[in-house]
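Order-wise, the sequence lines are chains A and B. Basically my numbering = 1-based index in the first sequence + 95. Basically my numbering = 1-based index in the second sequence + 95. For glycine and all other residues, C-beta sits at the position ideal for the given N, C-alpha and C. Since this is a predicted model, take the numbers as computed values, not measurements. Everything on this sheet refers to the single structure shown next.
2 protein chains.
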Amino acid sequence: MSVCLQIEATRGPARAGRLITPHGEVETPVFMPVGTLGSVKGISQDVLEELGVEILLSNTYHLFLRPGVETVRKMGGLHQFMSWDRAILTDSGGFQVFSLNELRKVSEEGVAFRSHLDGSARFLSPEKAMEVQIGLGADIIMAFDECTEYPADAARARASMELTLRWAERCKRYFEEHKAEVPWKSSRQPSAVSRQGKQVLRSAGQPRAAVPTGKNQALFGIVQGGMDPELRRESALRTIEIGFPGYAIGGLSVGEPRELTRDVVLSTLEHLPSDRPRYLMGVGTPEEIAFYAQSGVDMMDCVLPTRAARHGLLFTSEGKISIKQARYAKDESALDPACDCHVCRRYSRAYLRHLYAANELLAQVLNTVHNLHFYLVTMRTVRAGIRAGLAPASGAS
Amino acid sequence: MSVCLQIEATRGPARAGRLITPHGEVETPVFMPVGTLGSVKGISQDVLEELGVEILLSNTYHLFLRPGVETVRKMGGLHQFMSWDRAILTDSGGFQVFSLNELRKVSEEGVAFRSHLDGSARFLSPEKAMEVQIGLGADIIMAFDECTEYPADAARARASMELTLRWAERCKRYFEEHKAEVPWKSSRQPSAVSRQGKQVLRSAGQPRAAVPTGKNQALFGIVQGGMDPELRRESALRTIEIGFPGYAIGGLSVGEPRELTRDVVLSTLEHLPSDRPRYLMGVGTPEEIAFYAQSGVDMMDCVLPTRAARHGLLFTSEGKISIKQARYAKDESALDPACDCHVCRRYSRAYLRHLYAANELLAQVLNTVHNLHFYLVTMRTVRAGIRAGLAPASGAS
């Protein structure tokens with residue numbers, strides 16, 4: 096198996112361990128920052144490394160439109176294209192097709208939609224989504240699913256779930272036949288992926304992020320089923336029957352109340368195999384990611400820390416801060432006195448408030464660094480708590 | 096004297112040495128990156144330090160409007176406000192009043208204008224410009240001058256020059272009477288400004304960038320006189336008669352042809368004292384800064400490297416590159432194979448082109464890092480050439 100989870104400690108339903116990927120190990124439970132277009136907005140890969148990011152999420156839908164899979168494939172895949180030799184996960188595009196395209200047309204074959212950039216006609220099917228994700232070359236790729244809208248009646252939720260199951264089989268079939276086409280440069284050494292000694296690329300074609308020969312991507316299945324626990328159970332069991340090295344819970348954060356999200360996640364988790372990574376897609380606040388990690392989720396992603404940062408909303412050990420407020424204009428204290436990120440160590444709230452109010456680019460950069468650090472520390476605390484058998488204060492850094 | 100130039104090598108009219116300021120030494124000739132609002136757009140102060148920036152320029156006009164001098168003064172001055180313990184120079188606001196305000200009203204007393212942000216009525220006079228610059232607390236501050244428009248007839252150029260001279264006297268008088276009001280935290284140690292061991296501020300009021308007791312800001316005079324060499328000579332001599340620790344050549348880059356700029360600079364330089372720093376304001380391309388440094392200019396600033404970067408225009412050892420061009424979409428080579436900045440070491444032209452085309456924030460960040468590095472290396476090469484008695488290839492890195 097190309098990706099596997101080594102569980103090293105448990106506490107109730109929670110697990111702490113290591114996700115082994117072709118591009119390095121990832122401590123779990125993990126929060127994956129979102130780098131939609133092959134970049135976490137405003138943050139250089141060096142800074143992500145310093146922050147301790149071990150796995151990034153990138154969006155197939157966006158990369159499919161720009162720069163297009165051919166460009167990324169020709170560059171040796173996303174790792175080499177963006178010069179990131181740690182792990183990457185790509186989603187399947189299913190969620191963006193759903194959320195960015197009101198005029199999409201879903202058929203058994205796939206989804207016809209129009210690019211949100213230029214209105215051009217596009218098509219994604221299970222096979223196409225696999226072809227694109229193999230070309231992008233992330234370590235973990237996701238089955239192409241239909242994200243069921245909320246609310247959906249029972250018949251609609253079942254039909255949608257059945258479609259996702261048929262698509263999951265097609266994804267697996269296509270992936271098994273084509274997985275050797277991943278554009279990774281292979282290496283004969285057991286591990287050419289160096290984190291300490293950074294590799295330097297000057298000339299074309301030189302491998303930057305070579306992986307050991309014989310390593311492959313891993314395709315994860317996605318559980319759907321709307322908000323009905325019974326359908327979720329059926330979706331989980333039948334997805335497991337198809338068989339994947341990891342399972343995601345999809346179709347949430349689509350407008351439903353937060354308590355419902357929570358109920359659906361908890362009931363779905365019960366049906367997922369304990370020896371495979373469990374990935375909850377698109378969730379959530381610091382409190383939520385801590386809660387779900389303590390509930391047995393191994394992987395999460397969310398645009399919240401990065402998007403909120405760009406809007407001046409900052410997560411701190413004392414709660415959320417809207418840095419634009421005039422009350423911070425002459426506040427000499429650190430953004431979060433309990434935080435040791437380089438923003439809190441170096442800059443005052445007054446300076447951060449000034450940068451935001453003056454619409455300075457650096458505001459977005461520094462705010463993003465802090466929020467990512469906060470999320471990463473939140474997960475570090477949760478992991479330490481699981482390993483120590485303690486219940487960490489949720490959301491605290 | 097609070098700022099002085101130690102000349103350590105000369106080659107023809109060119110000089111290499113060290114500008115000694117209350118916030119550290121600056122190797123000259125030096126290019127000063129522009130941090131208009133107390134931030135070089137998109138670049139964290141850590142990165143500026145890594146790039147080897149020893150002095151920044153910040154704009155009085157912009158800081159006067161946002162966040163206002165009172166805020167910066169209360170924070171202990173610009174160094175502490177922006178957490179930068181190396182040298183800073185502020186301009187006087189004269190140029191921005193001229194370039195950003197068509198409805199300005201110049202009188203003997205000063206300039207009435209409207210904020211380009213909210214249209215509010217504002218006023219800057221020589222005294223007010225000093226008061227603001229003392230409150231901002233840069234190491235080097237500039238006399239409030241009238242930037243003569245181009246073209247200007249002989250009578251207008253003379254009248255404008257005479258006004259600038261009268262204002263220079265008023266600036267000096269006000270500055271001498273009020274220079275003790277600079278909001279620096281003073282220290283008793285001979286040098287509390289540490290570059291290696293970074294100081295950490297967590298609580299309010301702690302000095303971040305303390306300077307030895309008794310150190311003051313330095314006020315530089317500005318030579319005007321339009322494009323007439325005779326008026327420039329007179330302006331230089333009479334400004335020197337007033338007496339400043341350094342002299343700037345202002346009133347250029349106002350629309351005149353490049354050759355005229357060059358002629359005016361060269362003829363003005365002849366009249367400036369060789370033992371004082373000479374600062375050419377708002378110039379220029381890499382070739383120009385190399386040329387002027389070789390002609391005897393010690394200090395320069397320009398928005399070109401940073402502004403061009405944000406528009407995807409990159410300076411390289413092989414000439415200018417517009418990274419948005421489709422020809423770079425699959426170009427795996429480094430932006431500038433001869434450059435060792437962290438952008439050129441890590442990322443391909445294809446990735447930089449993608450970031451720019453996709454309007455990613457990181458494009459502006461990385462492009463700015465590269466262009467600043469290119470300018471700093473250009474000056475480093477010029478300095479080495481002066482010290483070695485060699486003529487460096489202009490603009491090469």
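The secondary-structure analysis by DSSP pairs M395 (chain A) across a beta bridge with A:F126 and A:L375. Taking each of B:A233, B:A216, B:D240 and B:I150 in turn and checking the Cα distance to F193 (chain B), the smallest one comes out for B:D240. Assignment of P307 (chain B) by DSSP, reduced to helix, strand and coil, places it in the strand class. Counting of Cβ neighbours within 10 angstroms places Q228 (chain A) among the buried residues, the total reaching 16 or more.
Residues of the segment 422-445 of chain A with a Cβ closer than 9 angstroms to any Cβ of chain B, in chain order: A424, K425, D426, E427, S428, A429, P432, H437, V438, C439, R440, R441, Y442, S443 and A445. Using a Cβ distance threshold of 8 angstroms, D396 (chain A) and L152 (chain A) count as a contacting pair. Here F126 (chain A) is actually not in contact with I235 (chain A); their C-beta atoms are around 15 angstroms apart, not less than 8 angstroms. The Cβ atoms of N466 (chain A) and T380 (chain A) lie no closer than 8 angstroms to each other. When only Cα atoms are considered, A252 (chain A) and L143 (chain B) end up about 54 angstroms apart. Taking 8 angstroms as the upper bound for CB-CB distance, I344 (chain B) and V318 (chain B) are in contact here, some 5 angstroms apart. Residue environment: T185 (chain B) is assigned as buried (16 or more neighbouring CB atoms within 10 Å of its CB, all protein chains considered). Counting of Cβ neighbours within 10 angstroms places D370 (chain A) among the exposed residues, the total staying below 16. One finds nothing in chain B with a Cβ atom closer than 8 angstroms to the Cβ of M127 (chain A); even the nearest lies about 18 angstroms away. Residue state for L430 (chain A) is assigned as coil, using DSSP reduced to three classes. H468 (chain B) sits buried, since 16 or more C-beta atoms from the chains shown fall within 10 Å of its C-beta. For the C-beta of L471 (chain B), not a single chain A residue is nearer than 9 angstroms; the gap to the nearest is close to 18 angstroms. DSSP places G189 (chain A) inside the alpha helix (DSSP H), whose first and last residues are G189 to L195. When 7 angstroms is used as the limit between beta carbons, L450 (chain B) is near these residues of chain A: S134, in chain order. Residue burial annotation: A275 (chain B) is exposed, with fewer than 16 other C-beta atoms found within 10 angstroms of its C-beta.
The alpha-carbon of R444 (chain B) is positioned some 18 angstroms away from that of V135 (chain A).
According to DSSP, V438 (chain A) shares a beta bridge with no other residue.
For S417 (chain B), the enclosing beta strand (DSSP E) has its first and last residue at G414 to S417.
Excluding the 5 residues flanking it on each side, P221 (chain A) has same chain C-beta neighbours closer than 6 angstroms at F239, W262, R265 and C266, in chain order. In the DSSP annotation of this structure, the continuous segment of the alpha helix (DSSP H) that includes M256 (chain B) starts and ends at A249 to H273. Just measuring C-alpha positions, the residue of B:L457, B:R422, B:L361 and B:L364 sitting nearest H406 (chain B) is B:L457. Residues of the segment 162-182 of chain A that bring their beta carbon within less than 7 angstroms of a beta carbon in chain B comprise P162, T166, K169, M170, F176, M177 and S178, in sequence order. When only Cα atoms are considered, R181 (chain B) and A305 (chain B) end up about 11 angstroms apart. At least 8 angstroms separates the beta-carbon of P324 (chain A) from that of S348 (chain A).
Counting only Cβ-Cβ distances below 8 angstroms, Q420 (chain A) has no contacts in chain B at all, with the closest Cβ about 14 angstroms away. By the neighbour-count criterion, in which a residue is buried when 16 or more other Cβ atoms sit within 10 angstroms of its Cβ, P432 (chain B) is exposed. Nearest to M322 (chain A) by C-alpha distance, out of A:S255, A:F386, A:P368 and A:Y451, is A:S255.
Cβ contact annotation for Y245 (chain B) (same chain, cutoff 6 angstroms, sequence separation greater than five): V349, G350 and E351, in chain order. Per DSSP, G230 (chain B) is one residue of the alpha helix (DSSP H) stretching across P221 to L231. When the five nearest sequence neighbours on each side are left out, the beta carbons in the same chain lying within less than 8 angstroms of the beta carbon of L375 (chain A) are those of A343, I344, L347, V360, Y387, V392, M394 and M395, in order along the chain.
Excluding five sequence positions before and after R106 (chain A), the CB atoms of its chain that fall closer than 6 angstroms to its own CB belong to I481 and G484, given in chain order.
Under the 8 angstroms criterion on CB atoms, I138 (chain A) is classed as interfacial with respect to chain B.
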